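Student:
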Amino acid sequence: MGEQHFQHQFGSWAGQLGDGRAHLIGIYTNRFGSRWELQLKGSGRTPYFRNGDGRAVLRSSVREYLGSEAMHYLGIPTSRAARYFIRFILYLHRTEGSRPLSVCSVLTPQLLHFHSLVVSDDDIWRDQFYSGNIKKERGAIVLRVAKSWFRIGSLEILAHSGELDLLRMLLDMVIKEHFPKVNMNYSNKYLAFFSQVVSETARLIALWMSVGFAHGVCNSDNFSLLSITIDYGPFGFMDSYDPDFVPNTSDDERRYKIGNQANVGMFNMNKLLKALNPLFSPRQKQLASQILEGYPEQYYKSFTELFKAKLGLLGDSEDDSYLIAFLLKLMEDTRADFTMTFRQLSEISEDHLKDLSIPKEFWALQDVAKHKYFSSWIDMYLLRLKRNMGDSDSERSRRMSSEYSHNLFNHSK
């Protein structure tokens, strides 16, 4: 079945939409007892397909597989490609005639257990860059899994239509299944649910920022109630540090640029609050507003902790936020490589930093070192490292090495 929901799309109310080319096909329980909802993307039209053909191309399917698996191994909450649960992506093969196999006939136990990727034999017409240049591409179906596919838009549609009994039923089911810390008999259970989603969403976006990940389409229907990363479309990992980085070529107003993701998270939490408000008493509405007001502080706290770890800093200092912001500004001005700058900081010795003698193999740091204020930042950084009491240079390097990441890069012909 396809899921129906409402959404705020690029900041505007878009009304009733839904999964136009994704089918929920069941629940899989692995040997550890974890339950995963199975969803096929590109498996054909649903009632909410609008003007699309319900198909997905191999290019975007492989991107989703690589993106979700990369995020998982970077330690970021995400939906998964099913490779490690039921052996992942499917290929639709045509029969000897012209009629394609049904989804059910493709999902044999043997395929679920052994195969990892399959392609359709027929081609799909796509305008990849919305430039009028339509080309044939190979089709594919992605089998993706998550503990739940419910998102903010799942609640928005029920609140907007006034179906409050169904809204309560859905919330109770989600809370009972996925929020064990929330007592179902607690009169403020929906308030506790909202508080946890706000906190975990702030943390999620800080994690995105720590690896240079831009989602690309942060509509309210693409924000999970479980605060995991879902719906990998025009996402991207930042190469050179640029707060204006936008991987989505159709985002003309740059609403979803990487530097605005925290603000968009706040916007979507506000829409979640609006969907929950019909269930709140006047006092609960006040408390919920206070919870929402705490979102920026929670985000910046997580952001600072993550970047302190990337810099190998122990303990707390009132100057840490400034030290981080200072470095990011130098990186922005010099268009330094985001991932490699932090990686090379973990590898270079403090002696080289003290002397401002950056070996040529540390090319990303050499780019930052071109900035006229680089020496000022180095002085601050080395002074801060001295506060890591009893911490040797090798320990700092080893600790930082566990924080740097290998990110995906787009390849253009």
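Counted the way this note's numbering counts, the sequence shown spans residues 32 to 444.
Cβ atoms here follow ideal geometry from the backbone N, Cα and C, with glycine treated the same way.
In this text the structure is predicted, and so the values were computed from the model without any measurement.
#1: For Gly247, collect the residues of the same chain with a Cβ closer than 8 angstroms to its Cβ; drop the 5 residues on either side in sequence, then sort them by chain order.
#2: Ends of the beta strand (DSSP E) at Ile188?
#3: Around the C-beta of Met362, are 16 or more other C-beta atoms found within 10 angstroms, so that it is buried, or is it exposed?
#4: CB-CB under 8 angstroms to Leu413, same chain, minus the five flanking residues each way: which ones, in chain order?
#5: Here's a check: name, in chain order, each residue in its chain whose Cβ is nearer than 7 angstroms to the Cβ of Leu359, leaving out the five neighbours to either side.
#6: What separation, rounded to the nearest whole angstrom, lies between the Cα atoms of Phe357 and Pro327?
#7: Which value, in whole angstroms, describes the spacing of the CA atoms of Met297 and Asp270?
#8: Helix, strand or coil, according to DSSP, for Ala245 in the structure here?
#9: Give the straight-line distance between the Cα atoms of Arg374 and Asp410, rounded to the nearest whole angstrom.
#10: From the DSSP output, read off the bridge partner residues of Arg418.
#11: Look up Gln70 in the DSSP assignment and give the residues it is bridged to.
#12: Run the CB neighbour count on Ile389, radius 10 Å, all protein chains shown included, and call it buried at 16 or more, exposed below.
#13: Return the chain-ordered list of same chain residues with a C-beta closer than 6 angstroms to the C-beta of Gln397, the five sequence neighbours on each side being excluded.
#14: Need the endpoints of the alpha helix (DSSP H) that Ser333 sits in, please.
#15: Just the C-alpha distance for Ile206 and Glu231, rounded to the nearest angstrom, thanks.
#16: Determine, using beta carbons only, whether Leu238 and Leu337 come nearer to each other than 8 angstroms.
#17: Kindly indicate which residue of Met204, Ser241, Lys305, Val88 has the alpha-carbon position closest to the one of Ile107.
#18: Quick one: what does DSSP say Ser428 is sitting in, helix, strand or coil?
Tutor: In short, the structure shows the following:
#1: Gly264, Pro265, Phe266, Gly267, Val277, Pro278, Asn279, Asp282, Tyr287
#2: Where Ile188 is concerned, there is no enclosing beta strand (DSSP E), although the alpha helix (DSSP H) it sits in stretches over 183-191.
#3: buried
#4: Glu381, Leu384, Lys385
#5: Tyr272
#6: 20 angstroms
#7: 26 angstroms
#8: strand
#9: 19 angstroms
#10: None, per the DSSP bridge assignment.
#11: Leu55, Arg175
#12: buried
#13: Ile389
#14: 326-341
#15: 15 angstroms
#16: yes
#17: Ser241
#18: helix
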